[in-house]
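Engineer: If you read the protein sequences in the order shown, they are chains A and B.
Those letters in the first sequence? Residues 221 to 567, by our numbering.
Those letters in the second sequence? Residues 2 to 465, by our numbering.
The beta carbon of each residue, even a glycine, is placed where N, CA and C say it ideally should be.
I'd like to ask some things about the structure below.
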Amino acid sequence: MSLNSFWFLLIAVLWVGYFVLEGFDFGVGILLPFVSKNQAERRAVLTTLGPVWDGNEVWLLVAGGATFAAFPEWYATLFSGFYLPLFLILVSLIVRGVAFEYRSKYGKESWRGRWDIAITISSLLPALLWGVAFANIVRGVPLTKSAAGAMEYSGGFFNLLNPYSLLGGVTTLFLFISHGAYFLALKTEGEIRVRANKMGQQAGLLTALLAVLFFAWTLVSVSHRSWVVGGVTIAVVSWLAALYSNFRAREGWAFLYSAITTAFVVITLFLALYPNVMPSSNGEDTSLNIFNASSTHYTLKVMTVVAVFLTPFVLLYQGWTYWTFRKRINPSQIANAETGVLDTIHP
Amino acid sequence: MNALDLARWQFAITTVYHFIFVPITIGSGFLVAGLQTAWYRTNKDKYLKATKFFGKLFLINFAIGVVTGIVQEFQFGMNWSSYSRFVGDIFGAPLAMEGLLAFFMESTFLGLWIFGWDRLSKKMHLATIWIASLGTLLSAYFILAANAFMQHPTGYGMSANGTRAELKSIVAVLTQKTAVSAFFHTIPSAFLVAGSLFAGIAGWMILKKRDVDVAQPVLKMGLVTIIISFVFIAISGDYTSRVMVQQQPMKMAAAESLYETKANAPFSLFTIGTLDGSRPVFQIGLPSVLSFMSTGNFNGVVEGVNDLQKEYVTKYGEGNYKPNIPLAYWSFRLMIGFGALAALLALFLLWRMRKGGSLPESKFMHLSLRALPFLPLLGTSFGWIFTESARQPWVVFGLMKTADGVSPTVSAGNVAFTMIAFTLLYGVLAVIEFGLMVRTIRVGVGKPVEGNNANDGQPLTMAY
């Protein structure tokens, strides 16, 4: 395998990590007002994310950084091209992170209620927009060769809102909602667990419907090479297994299968892309691929050494975090759920 | 304003804002780790209380530091795509390394620290805050190395068609003088910031006679941190200015409003120049001090702005190679001034506390303790404003002008929209953050629960 292909693979892995992990915490954020009915429950739901959400988000930063290092042309064209959607994602991630940290500082309903709305919206927007963005990448967007020789996005904002990419967005939205529901059912006790299980079933069925449409459209009009068919098959079969496991209230399995599906949705999209990284709707000669978008061989070599050496450690200690916080959370464990630490001044 | 100006403003606003929280969190992480270590070693309740209380303040800042950092990672691609294409082969590498090595470490171990009080052994829990803090140091190193390439490109070659800079030696990029000196200047500055924050808060608590036993050791720790870090800042600052004179003489000349090349150059204390920055009208200076700072010799020759301008025209072609000289001159002085003021204040407080350690009750004391946390923050902000603005017109010194780095496809309207939106959002968050900090300080230490490896069903020590 050439280093260019290896880095294409590695970036796919980073996005898999990002969507499998932050996918469920988007889902939990969206479900927050529906799955929890009082302050103790609400805080129990948020506490399932507490120790892990920030580490999950780092996968995005590393995917961004790795794209910059390995495929600078891809990084430059993608983020300057998909300017407004990316901006909305950034704003969402800013609000979300702050909301987690600040919402329980006071007990007042006006304070907590606003942060809760912020959490739901700022989880929903990225869950939707990442799907829109990736569907657009796979579908191909207008790229034009500039005088300086760079492939620049020439489509504008509304070009990104086409039926295929919107369907992609709604699909990832419901995929992440379901994924989050399975996670919650796995990590909580009592009423939340029951509700999450039920919502996981409804959202899961809807996801299945949307995914079938999206995959069918992808196979018909984007790519039907055999790898893509294979990826789609694994994603679909695994999803059926997730639905069945959730139906039988086997939460661990449901979550594992939905993680596999999420991974294979990403893998399938990357398989459909390869060896392009941003196919152009203006024809092959303006497409960005793993060669014309890449860094030099030396840079790829340096980054390969770094990645091969460091990634195992990252997986190890992130895995350890999940192991440390493996216990289910019961709302009854949240002491003084109604009050915030800043409510009263100590004498 | 065109897209270029707007993109520059956006970068300035988001970066200066981000860097308010960066030094606070880098320094506070270590100081909180120090307090927790004191508790681990002595088992004294006051240290546990201090760890929890200052830990809370640390986390309120960390939240904003993290989320505003995401914008930094993607802003290059959004507003500076031509820059990204030009330097990606080099600049992307330290950014990716920072993510893989540092961001994962910081976020994962901080998550373990926040929520792990009742899930980890005392020793392991203490280790998590140290590891997270170590992560912030690594992060600082890589991003400063990336920035150093913009100040002084090294370890690169131009591509065959001349459209981009290509990495030739990663070791050269990561170990060049500018990166090393910036690291040893920035990290002590972070400690100066955090030391001032902790000392200011602890001093206030002592004056208000609240949890004096908790505040007393923190005040001392904060003040000593300020003094020690200021010594390091002065030494590395001296070294940095010598490296700067070698590598970016225009920046040093601008910092000094030194227009003509001279030996025995004075260090200017005050200058009024003409508005176009072409010559000074009135200057007060310390004779030969600038020569000494720049060359290590009081008789050393320091190049002036006008001669450098002529030199650069010959080297790089027609154009204006002068940065904004009044801005460079004043930001350089305010950087040093605010930092030194914090150190002087710390010395004064230590002197007043020399017997017994109590602080005299006076209006001046109240005022200075409240001002203390803000002084070094202003210093670090002006330091970055100086470093970045006095490199202009270059984005990568000698290789690419800032004007050539901006995204050609992003309209002025789009940049204006995102700039205004980020500014409003950051403004709202600043108000909320500041309110929470003040409230947390006023609420006070309280009675923290010690983690004790809770069994199932017991209340969680920490919940969102």
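Are the beta-carbon atoms of B/VAL306 and B/TYR260 separated by less than 7 Å?
Structural biologist: In the second sequence, residue 306 of chain B corresponds to position 305, counting from 1. In the second sequence, residue 260 of chain B corresponds to position 259, counting from 1. Closer than 7 Å, so yes.
Engineer: Using 7 Å as the limit for Cβ to Cβ distance, is A/PRO362 near chain B?
Structural biologist: Walking along the first sequence from the start, residue 362 of chain A turns up at place 142. Answer no: the Cβ-Cβ gap between A/PRO362 and chain B never drops below 7 Å.
Engineer: Does DSSP classify B/TRP118 as helix, strand or coil?
Structural biologist: Locating residue 118 of chain B in the second sequence gives position 117, where the first residue counts as 1. Correct three-state label for B/TRP118: coil.
Engineer: Pick out whichever of B/PHE387, B/LEU287, B/ASN44, B/MET366 has its Cα sitting closest to the Cα of B/TRP331.
Structural biologist: Taking the first residue of the second sequence as 1, we reach residue 331 of chain B at position 330. For the residues B/PHE387, B/LEU287, B/ASN44, B/MET366, the minimum Cα distance to B/TRP331 belongs to B/PHE387.
Engineer: Starting from B/LYS402, follow its DSSP beta bridges and name the residues at the other end.
Structural biologist: Numbered from its first residue, the second sequence carries residue 402 of chain B at position 401. For B/LYS402, DSSP records a beta bridge to B/TRP395.
Engineer: Between the segment 542 to 553 of chain A and the segment 391 to 399 of chain B, do at least 3 Cβ pairs fall closer than 8 Å?
Structural biologist: no
Engineer: Under 9 Å between beta-carbons, which chain A residues line up against B/MET2? List them in chain order, please.
Structural biologist: Sequence index remark: in the second sequence, residue 2 of chain B carries index 1 (1-based). By Cβ distance, chain A contributes nothing, its closest Cβ being about 18 Å from B/MET2, past 9 Å.
Engineer: Given A/ASN502, which residues of its chain have a CB within under 7 Å of its CB, disregarding the five upstream and five downstream residues?
Structural biologist: Within the first sequence, residue 502 of chain A is the residue found at index 282, counting from 1. Only PRO362, LEU363, THR364 meet the Cβ criterion.
Engineer: Among the residues of its own chain, which have a CB less than 8 Å from the CB of A/ASN379, if the five just before and after it don't count?
Structural biologist: Taking the first sequence and counting its residues from 1, one reaches residue 379 of chain A at position 159. The answer, listed in chain order, is VAL361, PRO362.
Engineer: Should B/ASP214 go down as buried or exposed, given a rule of 16 or more other Cβ atoms within 10 Å for buried?
Structural biologist: In the second sequence, residue 214 of chain B corresponds to position 213, counting from 1. Flag for B/ASP214 reads exposed.
Engineer: Go to A/LYS365, then tell me how far its beta strand (DSSP E) extends in each direction, as first and last residue.
Structural biologist: Indexing the first sequence from 1 puts residue 365 of chain A at position 145. Here the beta strand (DSSP E) through A/LYS365 covers 363 to 365.
Engineer: Using a Cβ-Cβ cutoff of 7 Å, what residues of the segment 184 to 214 of chain B are near chain A? List them in chain order.
Structural biologist: none
Engineer: Leaving aside the five residues before and after B/ASN453 along the sequence, list all residues of the same chain whose C-beta is less than 7 Å from its C-beta, in chain order.
Structural biologist: Within the second sequence, the letter at position 452 stands for residue 453 of chain B. Caution is warranted here: a pLDDT of 49 is assigned to B/ASN453, below 50, making its placement in the model unreliable, and no coordinate value can be reported.
Engineer: Does chain B have any CB closer than 7 Å to the CB of A/ALA416?
Structural biologist: For the purposes of this step, residue 416 of chain A is taken as residue 196 along the first sequence, with counting starting at 1. Chain B, which has no Cβ nearer than 7 Å to the Cβ of A/ALA416, makes this no.
Engineer: Cβ of B/SER82 less than 7 Å from any chain A Cβ?
Structural biologist: Position 81 of the second sequence holds residue 82 of chain B. Interface residue, yes.
Engineer: Please list the partners that B/PHE75 has in chain A, where partner means a Cβ-to-Cβ separation under 8 Å.
Structural biologist: By 1-based counting over the second sequence, the position of residue 75 of chain B is 74. By Cβ distance, chain A contributes GLY284, PHE299, LEU306, LEU310.
Engineer: Taking all protein chains shown into account, decide if B/LYS364 is buried (16 or more other Cβ within 10 angstroms of its Cβ) or exposed.
Structural biologist: As a working note, residue 364 of chain B is residue 363 in the second sequence. B/LYS364 comes out exposed.
Engineer: Whole alpha helix (DSSP H) runs in the segment 353 to 392 of chain B with 4 or more residues, listed along the chain?
Structural biologist: 364 to 372, 375 to 390
Engineer: Going by other Cβ atoms of all chains shown within 10 Å of its Cβ, with 16 needed for buried, is A/ILE337 buried or exposed?
Structural biologist: The residue you call residue 337 of chain A lines up with position 117 of the first sequence. A residue is called buried once 16 or more other Cβ atoms fall within 10 Å of its Cβ, and A/ILE337, having fewer, is exposed.
Engineer: Any beta carbon of chain A sitting closer than 7 Å to that of B/GLY89?
Structural biologist: Locating residue 89 of chain B in the second sequence gives position 88, counting from the first residue. Answer yes: the Cβ-Cβ gap between B/GLY89 and chain A drops below 7 Å somewhere.
Engineer: Can you give me the C-alpha to C-alpha distance between B/SER160 and A/LEU251, rounded to a whole angstrom?
Structural biologist: Numbered from 1 along the second sequence, position 159 holds the residue referred to as residue 160 of chain B. Numbered from 1 along the first sequence, position 31 holds the residue referred to as residue 251 of chain A. So the alpha carbons of these two residues sit roughly 51 Å apart.
Engineer: So with Cβ pairs under 7 Å, would you call A/PHE288 a contact of chain B?
Structural biologist: Against the first sequence, residue 288 of chain A aligns to sequence position 68. With 7 Å as the cut-off, A/PHE288 counts as an interface residue toward chain B.
Engineer: I'd like to know whether the C-beta atoms of B/PHE150 and B/ILE91 end up nearer to each other than 7 Å.
Structural biologist: Position 149 of the second sequence holds residue 150 of chain B. Position 90 of the second sequence holds residue 91 of chain B. Judged by their CB atoms, B/PHE150 and B/ILE91 are nearer to each other than the 7 Å cut-off.
Engineer: Return the bridge partner residues of B/LEU168 from the DSSP annotation.
Structural biologist: In the second sequence, residue 168 of chain B corresponds to position 167, counting from 1. DSSP lists B/TYR157 as partners of B/LEU168.
Engineer: Mind listing, in chain order, the continuous beta strand (DSSP E) runs of no fewer than 3 residues lying wholly within the segment 302 to 343 of chain B?
Structural biologist: DSSP runs (the beta strand (DSSP E)) wholly in the segment 302 to 343 of chain B: none.
Engineer: By DSSP's criteria, A/ILE549 is part of a beta bridge. Which residues make up the other side?
Structural biologist: The sequence position of residue 549 of chain A within the first sequence is 329, counting from 1. Answer is A/THR408.
Engineer: If we define contact as Cβ-Cβ less than 7 Å, is A/GLN553 a contact residue for chain B?
Structural biologist: Walking along the first sequence from the start, residue 553 of chain A turns up at place 333. At least one chain B Cβ lies under 7 Å of A/GLN553.
Engineer: Going by alpha carbons, who is nearest to B/SER85 out of A/GLU321, A/TRP294, A/LEU536?
Structural biologist: Within the second sequence, the letter at position 84 stands for residue 85 of chain B. The shortest C-alpha separation from B/SER85 is found at A/TRP294.
Engineer: When the Cα of B/PHE59 is compared with those of B/ASP212, B/LYS210, B/ALA133, B/LEU368, which residue comes out closest?
Structural biologist: Here residue 59 of chain B refers to the residue found at position 58 of the second sequence. Nearest C-alpha to B/PHE59: B/ALA133.
Engineer: How would you label A/HIS517, buried or exposed, when you count the other beta carbons within 10 angstroms and need 16 or more for buried?
Structural biologist: On the first sequence, residue 517 of chain A is found 297 positions in, with the first residue counted as 1. Looking at its Cβ environment, which holds fewer than 16 other Cβ atoms inside 10 Å, A/HIS517 is exposed.
Engineer: With distances taken Cα to Cα, identify the nearest neighbour of B/MET251 among B/ILE326, B/LEU193, B/ILE21.
Structural biologist: On the second sequence, residue 251 of chain B is found 250 positions in, with the first residue counted as 1. Answer by Cα proximity: B/ILE326.
Engineer: Can you check whether the C-beta of B/SER237 is within less than 7 Å of a C-beta belonging to chain A?
Structural biologist: Working through the second sequence from its first residue, we reach residue 237 of chain B at position 236. By this cut-off, B/SER237 is not an interface position.
Engineer: Relative to the C-alpha of A/GLY180, which residue among A/PHE533, A/ASN512, A/VAL486, A/THR531 is closest?
Structural biologist: Lying before the first or after the last residue shown, residue 180 of chain A is absent from chain A, which here runs from 221 to 567.
Engineer: In whole angstroms, what separates the C-alpha of B/GLN76 from that of B/GLN393?
Structural biologist: The residue labelled residue 76 of chain B in the question sits at position 75 within the second sequence. The residue labelled residue 393 of chain B in the question sits at position 392 within the second sequence. B/GLN76 and B/GLN393: Cα-Cα distance of roughly 19 Å.
Engineer: Taking the continuous alpha helix (DSSP H) assigned at B/ASN44, which residues delimit it?
Structural biologist: On the second sequence, position 43 is the one that residue 44 of chain B refers to. Where B/ASN44 is concerned, there is no enclosing alpha helix (DSSP H), given that its DSSP letter is neither H nor E.
Engineer: At which residue ranges does the segment 258 to 337 of chain A contain complete alpha helix (DSSP H) runs of 4 or more residues, listed in the order of the chain?
Structural biologist: 259 to 269, 273 to 290, 292 to 301, 303 to 322
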